[in-house]
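A.B. asks:
Number of protein chains: 2
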Amino acid sequence: MAEPNGGNGRGATLEEVARAAGVSRATVSRVVNGNTKVSPAVRRLVEREVARLGYVPNPAARSLVTRRSQSVGLVIGEPAARLFEDPFFPRLIRSIGAELASRELQLVLLMPLSPAEESRIERYLTAGHVDSVLLVSLHGDDPLPAALARRGIPVVVGGRPPASADVSYVDVDNVQGARSAVEHLLKRGRRVVATIAGPLDMGAGTDRLAGYRQALDAAGRQRDAGLEAVGDFTQHGGESAMRRILAARPDVDGVFAASDLMAAGAIRALREAGRRVPDDVALVGFDDSPIATTTEPQLTSVRQPIEEMGREMVRLLDHARPAGGVARRVVLATQLVPRHSSEGGPAS
Amino acid sequence: MAEPNGGNGRGATLEEVARAAGVSRATVSRVVNGNTKVSPAVRRLVEREVARLGYVPNPAARSLVTRRSQSVGLVIGEPAARLFEDPFFPRLIRSIGAELASRELQLVLLMPLSPAEESRIERYLTAGHVDSVLLVSLHGDDPLPAALARRGIPVVVGGRPPASADVSYVDVDNVQGARSAVEHLLKRGRRVVATIAGPLDMGAGTDRLAGYRQALDAAGRQRDAGLEAVGDFTQHGGESAMRRILAARPDVDGVFAASDLMAAGAIRALREAGRRVPDDVALVGFDDSPIATTTEPQLTSVRQPIEEMGREMVRLLDHARPAGGVARRVVLATQLVPRHSSEGGPAS
DNA sequence: TCGAACGGTGAGAGCGCTCTCACGATTGCG
DNA sequence: CGCAATCGTGAGAGCGCTCTCACCGTTCGA
Numbered sequence: 018m019a020e021p022n023g024g025n026g027r028g029a030t031l032e033e034v035a036r037a038a039g040v041s042r043a044t045v046s047r048v049v050n051g052n053t054k055v056s057p058a059v060r061r062l063v064e065r066e067v068a069r070l071g072y073v074p075n076p077a078a079r080s081l082v083t084r085r086s087q088s089v090g091l092v093i094g095e096p097a098a099r100l101f102e103d104p105f106f107p108r109l110i111r112s113i114g115a116e117l118a119s120r121e122l123q124l125v126l127l128m129p130l131s132p133a134e135e136s137r138i139e140r141y142l143t144a145g146h147v148d149s150v151l152l153v154s155l156h157g158d159d160p161l162p163a164a165l166a167r168r169g170i171p172v173v174v175g176g177r178p179p180a181s182a183d184v185s186y187v188d189v190d191n192v193q194g195a196r197s198a199v200e201h202l203l204k205r206g207r208r209v210v211a212t213i214a215g216p217l218d219m220g221a222g223t224d225r226l227a228g229y230r231q232a233l234d235a236a237g238r239q240r241d242a243g244l245e246a247v248g249d250f251t252q253h254g255g256e257s258a259m260r261r262i263l264a265a266r267p268d269v270d271g272v273f274a275a276s277d278l279m280a281a282g283a284i285r286a287l288r289e290a291g292r293r294v295p296d297d298v299a300l301v302g303f304d305d306s307p308i309a310t311t312t313e314p315q316l317t318s319v320r321q322p323i324e325e326m327g328r329e330m331v332r333l334l335d336h337a338r339p340a341g342g343v344a345r346r347v348v349l350a351t352q353l354v355p356r357h358s359s360e361g362g363p364a365s
Numbered sequence: 018m019a020e021p022n023g024g025n026g027r028g029a030t031l032e033e034v035a036r037a038a039g040v041s042r043a044t045v046s047r048v049v050n051g052n053t054k055v056s057p058a059v060r061r062l063v064e065r066e067v068a069r070l071g072y073v074p075n076p077a078a079r080s081l082v083t084r085r086s087q088s089v090g091l092v093i094g095e096p097a098a099r100l101f102e103d104p105f106f107p108r109l110i111r112s113i114g115a116e117l118a119s120r121e122l123q124l125v126l127l128m129p130l131s132p133a134e135e136s137r138i139e140r141y142l143t144a145g146h147v148d149s150v151l152l153v154s155l156h157g158d159d160p161l162p163a164a165l166a167r168r169g170i171p172v173v174v175g176g177r178p179p180a181s182a183d184v185s186y187v188d189v190d191n192v193q194g195a196r197s198a199v200e201h202l203l204k205r206g207r208r209v210v211a212t213i214a215g216p217l218d219m220g221a222g223t224d225r226l227a228g229y230r231q232a233l234d235a236a237g238r239q240r241d242a243g244l245e246a247v248g249d250f251t252q253h254g255g256e257s258a259m260r261r262i263l264a265a266r267p268d269v270d271g272v273f274a275a276s277d278l279m280a281a282g283a284i285r286a287l288r289e290a291g292r293r294v295p296d297d298v299a300l301v302g303f304d305d306s307p308i309a310t311t312t313e314p315q316l317t318s319v320r321q322p323i324e325e326m327g328r329e330m331v332r333l334l335d336h337a338r339p340a341g342g343v344a345r346r347v348v349l350a351t352q353l354v355p356r357h358s359s360e361g362g363p364a365s
C-alpha cells in the first residue's frame, strides 16, 4: 500500500496515472472499468501504475457522468421501540447488505425519526444520492413509494404495503402463517383461541389477523371481538393486550400473538394473572426470533424467512431496472416451529 | 410538488433555474447554499423558481468540487450471531443516525462479511465516498483505523480498540461497571463468584474481566481460573461457558456475565443443572438490554448508555476535523440496575 | 466633491471522470 | 495487391456544481 503523495488524502487522478503510464486518460479508464478491449501489454502497464499510485476512482466524478451512484437507500419507517427490541431488523439489514455487496452496491440507511426527517429523506432520495430504494415497515398510506415512482426511482417494498399501490414488494405469507398457528392450537384441543394482532395500518398486522379469522371460520368456531386485541409488535404492547383479553374472556385457553415479542409480553401478563403456559393457556408467536428460545417456556412460533426476504428484495430491484416495468410480487412461505409453549392438550 | 419536466427522472439544473429566474448560475448557487449575501428581492425570485422547478442540487456535482460527500461510514465488524441477537447494535445505529441527521449527514452502513469484503470496504472508504468513518466492535488489531488515518480520513472508534492506537474513541467504563456488578454480588453474601467473560480480543471483553478481578482482589477473595470462562457475547456462548464453570466449580453461587445475552444462556445452563436463580446462584448481566426483563427471573444488569455513546461518537467526529488533531477519549459511566436475578442472600 | 470602500452580481475556470468520435495501423477477403 | 473492415488508442466535450475574481453601482468619510 504505497502512498506516493505522502498520504495527503488527495488520491491520484486518472490523468496522473495516464501520464505515468504514457497513455491517454481514456485508456486508463478502459483498463479500470475493464469492459472494452485494451491490448494486454498496455493493460499490464496501466495496472502497474494504478497499483503503484494507489489509484482509486473518484466516485463523485464518475457518478456525475454516469448518473448512477452504486448505492441503494433502505428506509426503515419503524418507531424506535420495536426497532430496538426486534431482531427482525438487524437480520433484514444484514441480508440486504450482503446481497447488495455482492452486486457492488452500497447500503445507505435512512430512519425517519420525525415528520421533518421524512421530507429530508425524500429530498435525499430524489436528489440522486441513490439509484433505487428499499422500503420496509411501511405504516398507513405512506406517500413515499408514489413520490419515488413519480421521479422514476425503482422501489421495492418489504412487506405488503397497506395501500397496495402499483409497487413491487416481497412479503411472507402472513395469512397462511397465522392460519397454521391457529390451526395448531385448535388441533391440540384449545377451544377459546384469542389473538394479539399487530398494528392494523400494516400489512403484517391485518394479514395475520385475517389468517386467525380464517382458521376460526374454517373450524366453525365463533369469533368474538373480546378475543382480538391489537398490539404494536412490542413486548409491552403484547403484555397489555393480553390483559385486555383476560379481562374480556377469562375462559381463553389459547393465544396466537402476531409477534414473538408480543408473545413474550403475553407470558408475563399470563403469569401475573396466575395462568400457566402451556397448561392453562397455550401460546404461539410469530417470527421465530431468538427471543422464542429465551422465554420460559420456549415459544412455539411461525418462522418467516427474513434473510430470504432481504435477498429477494434486492433481486426485485434488478428487474425493476428496465423502464419501470410491471410491479412484481414475491410471497415467501412460513413454517410452524413447535416448542413448549403450545405443548399438551387441555386438562380435559 | 410540481414536476415540470414530466417526471423523467432528470431533475432541473442550476443553469435552468438561473435562466428561469433571469439571474446567473452563481446567484442561484448562493441562494441555495444560503451563505453569502443576496438581495432579498432576488432571493425571493430565485426561491420561487427553485420551488416551481423542484430543483434539488446534484450531489455528485457538488461533491466533485467541494470534496465532501456529506456522508459518514459506519463499519460494524461483528459476526452475524451477535448482530442478530443483541439489541446493542440497533440502538447504537439508531442514535448515530439521529445525531448525523441533525448535522445533515447521511449514514452509510458497512458490514464486512468476509475477508474479501474487508478490502472492498477499505477501498470504498478511501475512495472518498465518505467524509469520515465510525468503527464499532473492532476485534483484534484491525488494520482499518490505521489505514484510514494514513489517508487522512477522520476516524472515531466505539469501544476501546484492542491495540490502542492513536485514534479517538468513545467507550463506557467497563472496568468500573464490571467491578460494581461483582461488588454487588459479594455484598449480598455470595462467596464463590464466577465470571463469563466476553471475547478477549475486544476491549469490552478484557476490561470487564479486569473489573471482575479487581473486585475480587479488593475484597481479598481468591481468584481461580475455573471461575473464569470466556464466551462470545451470545446466548449460546454464555450457556456453554456456564456449563464449564459448573463442571470446574460446582460450589459457585454467584456469576457475573459480561453481557445479558450470555446471562440468559447461563440461566438455561443453570436450570438444566437444577440450580435455582437467584436462590442457589445469583446472576448479574451487562448491557441492560430488553432481554433482561424477558428472562425468568428478570436480570440484574449493568446499564451502559448506548444512545449517549452514539451521540458522543458523532461529536468527536466534529473535533477530528481540523487537521487530524490529537486523539480524544470519552469514557461514559455505567449504572447497576438491580432486578430479581441477584435478589436475596444465600441460604446461610 | 471626490476617491475609497463595500455590497451585490456575473463570467468563467475547473473538479475527475466517461463516452463518442475520429484516426492510424493492422487484418481479411476477393 | 487493393480496399474494406476491424481493432486499439487518443482528443475533446461535457456532466452540474462551487468559487474566485472582476465589475458595477452605491454609500461614506474627509
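Protein sequences, first through last, are from chains L and V.
Under the numbering used here, the first residue of the first sequence carries the number 18, and numbering increases by one thereafter.
Under the numbering used here, the first residue of the second sequence carries the number 18, and numbering increases by one thereafter.
Idealized CB from N, CA, C, for every residue including glycine.
1. Using a Cβ cut-off of 7 Å (strictly closer), state whether GLU313 (chain V) contacts chain L.
2. Find the residues of chain L that neighbour LEU81 (chain V), judging by a C-beta separation of less than 8 Å, and give them in chain order.
3. How many whole angstroms separate the CB atoms of GLY327 (chain V) and ILE113 (chain V), which I take to be in contact at a CB cut-off of 8 Å?
4. Please list, in chain order, the residues of the segment 101 to 118 of chain L that have any C-beta partner in chain V closer than 9 Å.
5. Going by DSSP, name the residue or residues bridged to GLN16 (chain L).
6. Please report the residue range of the alpha helix (DSSP H) in which GLN123 (chain V) lies.
7. How close, in whole Å, do the beta carbons of VAL184 (chain V) and LEU151 (chain V) come, if the pair is a contact with beta carbons under 8 Å?
8. Is HIS376 (chain V) close to chain L, meaning its C-beta is less than 7 Å from at least one C-beta of that chain?
9. For ASP296 (chain L) and ASP270 (chain L), I'd like the C-alpha separation in whole angstroms.
10. Check whether the Cβ atoms of ALA144 (chain V) and VAL73 (chain L) sit closer than 7 Å, and answer yes or no.
11. Going by C-alpha distance, which of L:ARG177, L:SER86, L:HIS156 and L:ASP148 is nearest ALA166 (chain L)?
12. Can a CB atom of chain V be found closer than 7 Å to the CB of HIS357 (chain L)?
13. Only counting the same chain, and skipping five residues up and downstream in sequence, which positions put a Cβ closer than 6 Å to that of ALA195 (chain V)?
14. What residues from the segment 122 to 156 of chain L come within 8 Å of chain V, judged by C-beta to C-beta, listed N to C?
15. Would you list, in chain order, the members of the segment 280 to 295 of chain V that have their beta-carbon closer than 7 Å to a beta-carbon of chain L?
16. Can you tell me where the alpha helix (DSSP H) holding LEU91 (chain L) begins and where it ends?
17. So, at 7 Å on beta carbons, what are the nonlocal neighbours of PRO162 (chain L) in its own chain, with the 5 sequence-adjacent residues on each side left out?
18. In angstroms, rounded to a whole number, what distance separates the CA positions of ALA198 (chain L) and LEU353 (chain L)?
19. Terminal residues of the continuous beta strand (DSSP E) containing ASP304 (chain L)?
20. Quick check: the segment 43 to 63 of chain L against the segment 86 to 94 of chain L, are there 3 or more CB pairs under 8 Å?
21. Quick check on DSSP: helix, strand or coil for TYR141 (chain L)?
22. Can you tell me the Cβ-Cβ gap for THR351 (chain L) and VAL187 (chain L), rounded? I've got them flagged as a contact below 8 Å.
23. Is ALA258 (chain V) near the ligand FMN, judged by its Cβ being under 6 Å from some heavy atom?
24. I need the straight-line Cα distance from GLY23 (chain L) to HIS146 (chain V), nearest angstrom please.
25. If contact means a Cβ-Cβ distance below 7 Å, which residues of the segment 306 to 330 of chain L contact chain V?
26. Taking the continuous beta strand (DSSP E) assigned at GLU245 (chain L), which residues delimit it?
27. Which residue marks the beginning of the alpha helix (DSSP H) containing THR161 (chain V), and which one marks its end?
28. Report the option in L:ALA283, L:ARG207 and L:ASP158 whose CA atom is closest to the CA atom of GLY361 (chain L).
29. Taking the continuous alpha helix (DSSP H) assigned at SER185 (chain V), which residues delimit it?
30. With three or more beta-carbon pairs closer than 8 Å as the criterion, would you say the segment 277 to 296 of chain V touches the segment 253 to 260 of chain V?
31. For the beta strand (DSSP E) containing GLY271 (chain L), list its first residue and its last residue.
32. Taking the straight line between their C-alpha atoms, what separation do you get for LEU316 (chain V) and ILE308 (chain V)?
33. Would you kindly work out how many angstroms separate the C-alpha atoms of LEU203 (chain V) and VAL247 (chain V), rounded to a whole number?
34. On a CA-only basis, which of L:PHE250, L:PHE106, L:PRO96 and L:GLU324 is nearest VAL277 (chain L)? Give me that one, please.
35. Which two residues bound the contiguous alpha helix (DSSP H) that contains ALA286 (chain V)?
C.D. replies: Reading from the atomic positions:
1. Using a Cβ-Cβ cut-off of 7 Å, GLU313 (chain V) counts as an interface residue toward chain L, since at least one Cβ of chain L sits closer than that to its own.
2. Chain-ordered, the chain L residues with CB closer than 8 Å to the CB of LEU81 (chain V) read ASN75, ALA77, ALA78 and LEU81.
3. Contact between GLY327 (chain V) and ILE113 (chain V) holds: their C-beta atoms lie close to 4 Å from each other, under 8 Å.
4. Residues PHE101, GLU102, ASP103, PRO104, PHE106, PRO107, ARG108, ILE110, ARG111, GLY114, ALA115 and ALA118.
5. Because residue 16 (chain L) is not part of the residues shown, which for chain L are 18 to 365, the question remains open.
6. Note, GLN123 (chain V): premise wrong, no alpha helix (DSSP H); beta strand (DSSP E) at 123 to 127.
7. With 8 Å as the limit, VAL184 (chain V) and LEU151 (chain V) do not qualify as a contact, their Cβ atoms being about 11 Å apart.
8. Outside the shown range of chain V (18 to 365) lies residue 376 (chain V), about which nothing can therefore be said.
9. Approximately 9 Å, taken between the alpha carbons.
10. Result yes, Cβ atoms of ALA144 (chain V) and VAL73 (chain L) sit closer than 7 Å.
11. The shortest C-alpha separation from ALA166 (chain L) is found at L:ASP148.
12. Interface with chain V (7 Å Cβ-Cβ cutoff): HIS357 (chain L) is excluded.
13. Closer than 6 Å at the Cβ level, and outside the excluded window around ALA195 (chain V), lie ARG225, GLY228 and TYR229.
14. Cβ contacts with chain V: GLN123, LEU124, VAL125, LEU126, LEU127, MET128, LEU130, GLU134, ARG137, ARG140, TYR141, THR143, ALA144, GLY145 and HIS146.
15. Answer in chain order: ALA281.
16. Note, LEU91 (chain L): premise wrong, no alpha helix (DSSP H); beta strand (DSSP E) at 88 to 93.
17. Setting aside the 5 residues that flank it on each side, PRO162 (chain L) is surrounded in the same chain by LEU152, VAL172, VAL174, PRO178, ALA182 and VAL184, each with a C-beta closer than 7 Å to its C-beta; the list follows chain order.
18. Distance between the alpha carbons of ALA198 (chain L) and LEU353 (chain L): 7 Å.
19. Taken as a continuous stretch (DSSP letters only), the beta strand (DSSP E) holding ASP304 (chain L) covers 299 to 304.
20. Flag = no, the segment 43 to 63 of chain L and the segment 86 to 94 of chain L do not touch.
21. Reduced to three states, the DSSP call for TYR141 (chain L) is helix.
22. A Cβ-Cβ separation of about 13 Å leaves THR351 (chain L) out of contact with VAL187 (chain L) under the 8 Å criterion.
23. The ligand FMN is absent from the structure shown, which contains no ligand whatsoever.
24. Unreliable placement is indicated for GLY23 (chain L), whose pLDDT of 38 sits below 50; no coordinate value is reported for it.
25. For the segment 306 to 330 of chain L, which is checked against every Cβ of chain V, the residues closer than 7 Å are PRO307, ILE308, THR311, THR312 and GLU313.
26. That run of the beta strand (DSSP E) goes 245 to 247.
27. Note that residue 161 (chain V) corresponds to Leu in the displayed sequence, not to Thr. Residue range 161 to 167 is occupied by the alpha helix (DSSP H) that includes LEU161 (chain V).
28. It is L:ARG207 whose Cα lies nearest to the Cα of GLY361 (chain L).
29. Taken as a continuous stretch (DSSP letters only), SER185 (chain V) belongs to no alpha helix (DSSP H), being part of the beta strand (DSSP E) at 185 to 189.
30. A contact is defined here as three or more CB-CB pairs under 8 Å, and the segment 277 to 296 of chain V meets this definition with respect to the segment 253 to 260 of chain V.
31. 271 to 274 is the span of the beta strand (DSSP E), which, as asked, contains GLY271 (chain L).
32. Cα to Cα, the separation comes out at about 8 Å.
33. The alpha-carbon of LEU203 (chain V) is positioned some 21 Å away from that of VAL247 (chain V).
34. Per the sequence presented here, residue 277 (chain L) reads as Asp, with Val not at that position. With distances taken between Cα atoms, ASP277 (chain L) lies closest to L:PHE250.
35. Residue range 277 to 289 is occupied by the alpha helix (DSSP H) that includes ALA286 (chain V).
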